[in-house]
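Heads up, the thing below is written out as structure tokens.
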Amino acid sequence: MSDVCTIGILGGGQLGRMLSVAASRLGLRCHIYEPGAAPAGDVAYTLTNATYTDDAALTDFAGSVDVVTYEFENVPTEALDLIESIVPIRPNRHALAVSQDRLTEKTFLNEIGLTTAPFADVPERDALAGALAQIGTPSILKTRRMGYDGKGQVRITDAGDAEWTGAPSVLEGFVEFSGEISVIVARGADGQVAAYDPGLNVHGEGILRTTTVPCGLPAMLTSDAVLIAARIANALDYVGVMGVELFVTPQGLIVNEIAPRVHNSGHWTQAGCAVDQFEQHIRAVAGLPLGDGGRYADVVMENLIGDDMKRVPDLMRAADTQVHLYGKGEARAGRKMGHVNRVTR
Ligand code: ATP
Ligand code: MG
Ligand code: MG
1 MSDVCTIGIL
11 GGGQLGRMLS
21 VAASRLGLRC
31 HIYEPGAAPA
41 GDVAYTLTNA
51 TYTDDAALTD
61 FAGSVDVVTY
71 EFENVPTEAL
81 DLIESIVPIR
91 PNRHALAVSQ
101 DRLTEKTFLN
111 EIGLTTAPFA
121 DVPERDALAG
131 ALAQIGTPSI
141 LKTRRMGYDG
151 KGQVRITDAG
161 DAEWTGAPSV
171 LEGFVEFSGE
181 ISVIVARGAD
191 GQVAAYDPGL
201 NVHGEGILRT
211 TTVPCGLPAM
221 LTSDAVLIAA
231 RIANALDYVG
241 VMGVELFVTP
251 QGLIVNEIAP
261 RVHNSGHWTQ
271 AGCAVDQFEQ
281 HIRAVAGLPL
291 GDGGRYADVV
301 MENLIGDDMK
311 RVPDLMRAAD
321 TQVHLYGKGE
331 ARAGRKMGHV
341 NRVTR
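Quick note on numbering: full-length UniProt numbering labels position 299 of the sequence shown as 299, and the sequence is numbered without any gaps.
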């Protein structure tokens, strides 16, 4: 059905781990490339633990797989160039480049007719005053690259005492949203698109805490959200699963950001769908037919962060709860250690 036997994954965190579990269920093998210390747990995959500047290791890795995908968006361009000279990368390089940088991402979203928060480029500290004059307060200064879980962000309420992020940034107007939702959308190698139901996301200190499906919004808004996600996937000629984060406002939906990979807010699909986001991504990058994304249960996904791990013994006793632990070791504050999917109906 597909010529892909082995999938290379850049990044050995929990997302790469769950992708490899899904791949092995489909009879496929994975080879994970992870420059960091210990990857999350040890499941059935080959591991290369080498840096992104180790050309020999990258060449060996790319030569051992049929297609390369990634579980995080900050892979250095030079490493991708080398890999792409040997084997295809899915989702494509353009999609990755657009979403690696908040400035190019928001510019792209506006170009395809979607609404973002008002924003201004702040390449250096000296440009901040001008950007604040344009965007006003309250606003949020975000590093253009590398930010996640709210890291690299500064909230500004008073232009007079604005802090600097320390790196090229964008200044975003603060959106008074009534809620945050996300759409997990998949696009196959043949251009077929399948989306999951939007989930309602609650964040604490910039980190996703819970995702709830159904999200409780009117059908008009949820279909709008799905159409927005599909428009982005089509415009990027995307192959794979993508997360699209949206703010709900009285004026309609505003796109916060996109993630060119499986997404934390899509973990509920493990308990709510016949084909979850991890299998869906593997199917897409391997050139297999997509699942349709249909949902058969109501689910609340809750991240287990830091001390939440103390609740695991109790959570394990709850009959309606699927427990996922990433095998990460020390439960430091703010560290995502696992998640649970509670089936509510
Ligand atoms: P992620 O882990 O989702 O990649 P991130 O570090 O890229 O997070 P954002 O998604 O940009 O960060 O912001 C984190 C959270 O901060 C958002 O989910 C939202 O709750 C809040 N936030 C971000 N930008 C704005 C904004 N312009 N107006 C209001 N709230 C915002
Ligand atoms: Mg982000
Ligand atoms: Mg986000």
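Glycine included, every Cβ here is placed at the ideal spot set by N, Cα and C. This structure is a prediction, so every number in the text was calculated from the model and none was measured.
DSSP places K106 in the helix class (H, G or I) of the three-state scheme. Distance between L80 and E105, taken at the CA atoms: about 19 Å. A heavy atom of ligand 1 is found nearer than 8 Å to the CB of D149. Nearest C-alpha to L290 among A186, R125, A57: A186. The DSSP-derived three-state label of A162 is coil. Judged by their CB atoms, L15 and E71 are nearer to each other than the 9 Å cut-off. For E71, the shortest separation between its Cβ and any heavy atom of ligand 3 does not lie below 8 Å. With distances taken between CA atoms, P91 lies nearest to A233 out of A233, Y296, K336, Y33. Annotation for L28: V4, C5, T6, I7, I282, A286 place their beta carbon closer than 8 Å to its own, counting only its chain and skipping 5 residues before and after. Of all residues, those with a beta-carbon under 7 Å from at least one heavy atom of ligand 3 are E245, N256, E257, reported in chain order. Looking at the backbone, the Cα of T165 and that of N256 are separated by about 19 Å. F174 carries a coil assignment under DSSP once its states are collapsed to helix, strand and coil. Here the alpha carbons of D121 and G204 stand approximately 26 Å from one another. Taking a cut-off of 8 Å on C-beta distances, the segment 150 to 158 does not touch the segment 82 to 98, as fewer than three cross pairs fall below it. Between the segment 326 to 334 and the segment 293 to 303 there are fewer than three inter-stretch CB-CB distances shorter than 8 Å, so the stretches are not counted as touching. For D121, the enclosing beta strand (DSSP E) stretches over residues 119 to 122. Looking at the backbone, the Cα of Y296 and that of D314 are separated by about 26 Å.
Put simply, of T51, Y52, H31, A97 the residue whose alpha carbon is nearest the alpha carbon of V43 is H31. Not a single heavy atom of ligand 1 lies less than 8 Å from the C-beta of K328.
In the three-state DSSP reduction, R332 falls in the coil class, being neither helix nor strand.
The beta carbons of T212 and G191 sit no closer together than 9 Å. With a beta-carbon spacing of about 20 Å, R261 and I305 fall beyond the 8 Å limit used to define contacts.
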